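A quick write-up on the structure given underneath.
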Amino acid sequence: MKNTFYILILWASCSAFGQEKSIDNTSLFNEILSNPKTKIDRKTYPKSIIKEFYELKLNENDWTAFREYYPNKNIKEKGIFLNGDYFGIWKTYDKNGNLISEINYFLSKKIKGNDLGFEEIFDLCKSKADQIIQSHFGEQNNFKLNASRSYWYSDNNSGTWFEKRSEKPKEFLLRYSYNASDTLKFGVVELHFNSDLELIRDKAKGLLKAKPYEFKIDYFKAKEIATSKMYGITNHQNAFKESEYLNLIFDESDDCYKWIISKVSETKWKSYKNTNSGTITGIGKTLLINCSTGDIEESEFGGTIIVN
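In case it helps, UniProt numbering puts the sequence shown at residues 1 to 308.
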């Protein structure tokens, strides 16, 4: 099997294209289950525990409706994943079907459930992180904590934001996404805090020197600009197809955020001598749009992939 390594610039991850209207979690769950394109993966684990994964790829999004059952066939846990992240509301039940835990990932908030350990510290940590976000992007901003991608670390353990902790963490990592909609988010900010809840500044990512920073060009305006420049019209099914979707990056050298999209119509293969390995080079253009000023830059696409 070939192993493929990207030596492209590592753009911030996004959740591809979504919808602007608010999401009804139950309706969405049922829609995934009933969609004819959905693939079902049902697995049985020791002690007769059953887990079901209903997987649906739609508009470049990977949706998964998940259910876990007790041996008595009652549901233990259910929720939705979007591109690997917890999405919307997740619920956990006891063996008798009573709701014992509810977490809202839209709000990054526990609605119901037992104490997870050191909750006051976690609440204070998030409050400090929220204040930093507001100081850099204004009180009204589109940044939200991505609890699925936020972690705590203790001497003997680690976990995501809502996983139970038995000892006080010594470090916290909070990741904030720029959310264009409930299903469309771009992970661009990382904040690290020590055990005293002090920001570890040399680990922080995505914070600007000039503040507050205003996103005058939002995702939808940027998409209009890109379309007018003939970007995002055709998705070429080659090794660089992911770069042909609008994404968001932090340009540290210019101290600003930029929308980025490429169109890669051709690729070029160059093999290494006496091997099956080589490089794939993309041929095309890249468009950058300054989120604050609207200034546009266009350059040659510079992506290369090494194939072993």
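Beta carbons are placed, not taken as given, at the ideal position from N, Cα and C, and that holds for glycine.
Please read all numbers here as calculations on a predicted model, not as lab measurements.
Exercise for the section: State whether the region 231-247 contacts the region 270-277, with contact taken as three or more CB pairs (one from each stretch) at a distance under 8 Å. Expected result: no
Exercise for the section: Evaluate F220 with the Cβ neighbour count: other Cβ atoms within 10 Å of its Cβ, from every protein chain shown; 16 or more gives buried, anything less gives exposed. Expected result: Translated into the one-based positions of the sequence shown, residue 220 becomes position 220. The Cβ neighbour count for F220, taken over all protein chains shown within 10 Å, is under 16; the residue is labelled exposed.
Practice task
Please report the Cβ distance between E190 and A204, rounded to the nearest whole angstrom; I am assuming they are in contact, meaning their Cβ atoms lie under 8 Å.
Solution key: Against the sequence shown, residue 190 aligns to sequence position 190. Against the sequence shown, residue 204 aligns to sequence position 204. That pair is a contact at about 6 Å.
Problem - Reduced DSSP secondary structure (H/G/I, E/B, other) of E244 - result: Within the sequence shown, numbered from 1, the residue matching residue 244 stands at position 244. In this structure, E244 counts as helix in the three-state DSSP scheme.
Practice task
Would you mind stating whether E52 and F66 have Cβ atoms separated by less than 8 Å?
Solution key: As a first step, residue 52 must be located in the sequence shown, where it is residue number 52. As a first step, residue 66 must be located in the sequence shown, where it is residue number 66. Closer than 8 Å, so yes.
Handout entry: Nearest neighbour of A68, chosen from D62, L56, G84, W90 [CA to CA]
Key = By 1-based counting over the sequence shown, the position of residue 68 is 68. Sequence check: residue 68 is Glu here, not Ala. Answer by Cα proximity: W90.
Exercise for the section: Could you tell me whether the region 152-168 touches the region 225-237, using the rule of 3 or more Cβ pairs below 8 Å? Expected result: Verdict: no, contact absent.
Exercise for the section: Could you pull out every residue in the same chain whose Cβ sits closer than 6 Å to the Cβ of N142, ignoring the five residues on either side in sequence? Expected result: In the sequence shown, counting from the first residue as 1, residue 142 sits at position 142. Only Y178, N179 meet the Cβ criterion.
Problem - Simplified DSSP assignment, three categories, for H136 - result: Numbered from 1 along the sequence shown, position 136 holds the residue referred to as residue 136. If DSSP states are grouped into helix, strand and coil, H136 belongs with the helices.
Problem - Identity of the residues DSSP links to N194 by a beta bridge - result: In the sequence shown, counting from the first residue as 1, residue 194 sits at position 194. For N194, which the question treats as bridged, DSSP gives the partners E171.
Exercise for the section: Label S15 either buried or exposed according to how many other C-beta atoms from any shown protein chain fall within 10 Å of its C-beta, with 16 as the threshold for buried. Expected result: As a position in the sequence shown, residue 15 is number 15, starting the count at 1. Any reading at S15 must be qualified, since the residue scores a pLDDT of 40, below 50, and its modelled position is unreliable; the value itself is stated next. Label assigned to S15: buried.
Handout entry: Other residues of its chain near L33: CB distance less than 8 Å, five sequence neighbours each side excluded
Key = Stepping through the sequence shown from its first residue, residue 33 is reached at position 33. If you ignore the 5 residues before and after L33, its C-beta comes within less than 8 Å of the C-beta of Y54, A65, all in its own chain and listed in chain order.
Handout entry: Alpha-carbon to alpha-carbon, N104 and I111
Key = Position 111 of the sequence shown, counting from 1, holds the residue named residue 111. Position 104 of the sequence shown, counting from 1, holds the residue named residue 104. Separation of I111 and N104 (C-alpha to C-alpha, rounded to the nearest whole angstrom) is 7 Å.
Exercise for the section: Excluding the 5 residues preceding and the 5 following K78 in the sequence, name in chain order all residues of the same chain whose CB lies nearer than 7 Å to its CB. Expected result: As a working note, residue 78 is residue 78 in the sequence shown. The residues are F66, R67, K91.
Handout entry: Assigned exposure category for D24 - 16 Cβ within 10 Å defines buried
Key = Along the sequence shown, read from residue 1 onward, the residue named residue 24 stands at position 24. By the 10 Å Cβ count, D24 comes out exposed.
Problem - Cα-Cα separation between K229 and E266, rounded to whole angstroms - result: On the sequence shown, residue 229 is found 229 positions in, with the first residue counted as 1. On the sequence shown, residue 266 is found 266 positions in, with the first residue counted as 1. Distance between the alpha carbons of K229 and E266: 18 Å.
Handout entry: The beta strand (DSSP E) enclosing I23, as first and last residue numbers
Key = Residue 23 sits at position 23 when you count from the first residue of the sequence shown. Run containing I23: none; DSSP gives neither H nor E here.
Handout entry: Under 8 Å between C-beta atoms of K109 and Y93
Key = Translated into positions along the sequence shown, residue 109 becomes position 109. Translated into positions along the sequence shown, residue 93 becomes position 93. Cβ distance not < 8 Å, so K109 and Y93 don't count as in contact.
Problem - Through-space distance from G284 to V264, alpha-carbon basis - result: In the sequence shown, residue 264 corresponds to position 264, counting from 1. In the sequence shown, residue 284 corresponds to position 284, counting from 1. C-alpha separation (whole angstroms): 4 Å.
Problem - Residues bridged to I249 (per DSSP) - result: If you number the sequence shown from 1, residue 249 lands on position 249. Paired residues: K258.
Practice task
Taking all protein chains shown into account, decide if T26 is buried (16 or more other Cβ within 10 angstroms of its Cβ) or exposed.
Solution key: For this step, residue 26 is matched to residue 26 along the sequence shown. That one is exposed.
Handout entry: Pairwise C-alpha distance: F172 and I49
Key = Numbered from its first residue, the sequence shown carries residue 49 at position 49. Numbered from its first residue, the sequence shown carries residue 172 at position 172. Near 33 Å, if we compare the C-alpha coordinates of F172 and I49.
Problem - beta strand (DSSP E) segments (min. 3 residues) lying fully within the region 68-155 - result: 75-82, 85-93, 99-104, 109-112, 143-145, 151-153
Practice task
Return helix, strand or coil for A65, following the three-state DSSP convention.
Solution key: Stepping through the sequence shown from its first residue, residue 65 is reached at position 65. The answer is strand: DSSP assigns A65 an E or B state.
Practice task
Compare the C-beta of R149 with all C-beta atoms of chain B and state if any pair is closer than 8 Å.
Solution key: The structure shown has no chain B; it contains just one protein chain.
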